[in-house]
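See structure below.
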Amino acid sequence: MKMDIARVFFYFRLRPLGWFAILLFVAFAGDSACTLRSAHAAATVLAAPLTAPPLGERWFGISMNGEKTGFAYLNVTTHPQGYEIVSEGSVRMTVLGFSREASGRERYIVGKDLSLRSFALEQTIDGTTMRLRGEAVPKGINVVVETKGNRKERLLRAEGAVFPPPAVNIYPLLSGAIKDKTYQLQILDVEAVKIKKVKVTVLGAEGGGGGMQQTVHMQNDLYPVSNDVWVDMAGNTVRESVRDGLIETRAEPRQLAMNFLVEAAMSKKDFVLDFSRIPVTPPISRPQDLVMLKVELGEVPEGVSVPAGGTQRVERPGGGKVILTMPGAGQGGAALPEAEQEKYLSATERILPDNGNIAALKDRILTGETGPEAGIDILAKWVATNIKEAVLDSVSPLETLERGEGNCQAHARLYASLARAAGIPTKFVSGLVYLPDQGFLYHSWAESYAGGWIPVDPTFGQVPADVTHIKLAEGDSPGEMAPLVALIGRISARVVDKRYHEPVRPE
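Right, dumping it as structure tokens:
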């Protein structure tokens, strides 16, 4: 068993979509790249043959021994040459004391017959990044492999059509999913950079009664241990199981998957760090000493709204670019409108200013007469000092107090609860923060009102928070944080301008 698990792990270094082959397509029956073998003379057709792949996006959760350790995303759209398949994902797994992390982004262009035309992908495995691109040519697949400081071009010879890695599961349904048949096809193995032959055997139909979804159960030999797949009658992968459930991939509703992705990015969980991190070249030195930072974000979808006003200025020149200028703490002046004051003093599901324990703690922290600005500083420093940083799922402020630790969301929710209980209007906000040697990471903090909005980071104990805090969403509910899903793993960042504190000169 140890040998088997170790070998599974070797294969699971692969990018986190291809290896469990979620969804897609191969070719039509009779193509020269595929052969059929039958164990029985009588053919039992389990599903009506499909004439096209299922279009649209699909989300998946990845788990190991019942613990969720990653996610995967797939989107299939039409393309002038046939179809475009875009896949992304990230995972971290630990077996026998060995830890493996992988994240990947892939794009395949396939023909109407679903055979590979061209591709480009980037995969990071245990911190090492490899980029791969190529196209189909008469003698096989022309491939360019780029790693740090190295570039190689080679021809992978193949006779007949070659298909992209997420092409294993749907082929039997194109011919009606005939029970007990074994289908063989050529796929591009992007980890080993070779052409690999894969066999898929249709075991039978399952479900369909008592409200259960009807599926076709198949097995393939992608890995050296058992790999079971369940696909619905439309060609969508529902579940995939390796080593009798040791590692599972399950289709999930979009909202559930998005909530998990945002939570993981904010918690800075290992399996999503490589996927969500936004590098900046050259790095920002002395971020804590900046008084102004101007950053251009690239690849921002037009439909995503970026909050403006208060502590940051937002410009949208077009082309997916957003330019943000962070001058630091908001300037004092006008009183907060009554409607906003009521909103940012009220309780939410996980911001609890009206809870008796929160109110009592606020009274113990803020002794005597305390103005809003002093109260903000005292409360933020108390949370930063008394709540340890931990990579935990976000919980309510009461659970955070009981544990004495939490992620950045836990820090921000506890601080917001205390500040609102003290009569200080406070927002829960999320976005990016710059960390030396890492780049921009997703993060949550707060903004409190004291004559103007002041950015407050109760995780780091910063009042005001440094100007590398870039706000991308306001509010702590899943719906309010949903815009982040369109950004995580997609956007780039470039420093346009920056200014530091003037050094103090001796008189």
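Under the working numbering, residues 161 to 667 are what the sequence shown spells out, in order.
All residues carry an ideal CB built from backbone N, CA and C; glycine is no exception.
Would you grab the beta carbon distance between residue i and residue j for me? Rounded to a whole angstrom, and I think it's under 8 Å.
i    : j    : result
Y594 : I444 : 5 Å
I511 : D636 : 6 Å
E266 : L281 : 4 Å
V455 : A653 : 6 Å
L521 : A579 : Actually they are not in contact, since the Cβ atoms of L521 and A579 sit about 12 Å apart, beyond 8 Å.
V627 : M418 : Not confirmed; about 29 Å, so no contact.
A534 : A581 : With 8 Å as the limit, A534 and A581 do not qualify as a contact, their Cβ atoms being about 16 Å apart.
I648 : L457 : About 12 Å; that fails the 8 Å criterion.
P671 : P596 : It is not possible to answer for residue 671, since the shown part of the chain is limited to 161 through 667.
L705 : L210 : Because the chain spans 161 through 667 in this model, residue 705 falls outside it and cannot be assessed.
T527 : I547 : That belief does not hold up - the Cβ atoms of T527 and I547 are roughly 20 Å apart, past 8 Å.
Between which two residues does the alpha helix (DSSP H) holding residue i run?
i    : result
M393 : Neither: M393 is in no alpha helix (DSSP H) and is coded neither H nor E.
S577 : C568 to A581
P557 : P557 to R563
L333 : Y331 to L334
E640 : P638 to M641
Is the CB-CB distance between residue i and residue j below 8 Å?
i    : j    : result
P325 : I301 : no
K341 : V362 : yes
V236 : P214 : yes
I338 : Q472 : no
A208 : D273 : no
G599 : P439 : yes
P585 : S556 : no
S263 : T284 : yes
G591 : A633 : yes
V270 : V303 : no
W390 : E423 : no
A610 : P532 : yes
Y233 : E248 : yes
R291 : E306 : yes
V376 : L206 : yes
V328 : V350 : no
V623 : I525 : no
F420 : F231 : yes
L453 : K658 : yes
S577 : P513 : yes
N387 : Q374 : no
A544 : G621 : yes
M426 : N567 : yes
D449 : Y243 : no
Identify the continuous beta strand (DSSP E) that holds residue i and give its terminal residues.
i    : result
P615 : W613 to V616
T238 : E227 to H239
L647 : Neither: L647 is in no beta strand (DSSP E) and is coded neither H nor E.
D349 : K341 to D349
R311 : N310 to R317
S604 : G599 to Y609
P477 : R473 to G478
L210 : That residue, L210, is in no beta strand (DSSP E); it is neither H nor E in DSSP.
I379 : Correcting the residue type first, residue 379 is Gln in the shown sequence and not Ile. Segment T375 to N380, the beta strand (DSSP E) holding Q379.
T409 : I407 to E412
A468 : Element bounds for A468: n/a, residue is neither H nor E.
S590 : T586 to L595
T204 : No beta strand (DSSP E) contains T204, which DSSP labels as neither H nor E.
A458 : Correcting the residue type first, residue 458 is Gly in the shown sequence and not Ala. Note, G458: beta strand (DSSP E), L450 to G458.
G364 : K354 to E366
E634 : I630 to E634
Any C-beta of chain C sitting closer than 8 Å to the C-beta of residue i?
i    : result
E366 : Included in the structure is just one protein chain, with no chain C present.
Counting pairs of Cβ atoms below 8 Å between the stretch 400 to 409 and the stretch 544 to 558, do you hit three or more?
no
The stretch 560 to 572 / the stretch 394 to 405 touching (three or more Cβ pairs under 8 Å)
Contact fails: fewer than three Cβ-Cβ distances are below 8 Å.
Contact between the stretch 594 to 610 and the stretch 458 to 466 (3+ Cβ pairs under 8 Å)
The stretch 594 to 610 makes no contact with the stretch 458 to 466: fewer than 3 CB pairs, one atom from each, lie closer than 8 Å.
Quick check on the DSSP output: what are the complete alpha helix (DSSP H) runs of length 4 or more inside the stretch 481 to 550, in order along the chain?
498 to 503, 516 to 525 and 532 to 546
What are the start and end residues of each continuous beta strand (DSSP E) run of 3 or more residues lying completely inside the stretch 268 to 299, in chain order?
276 to 285 and 288 to 297
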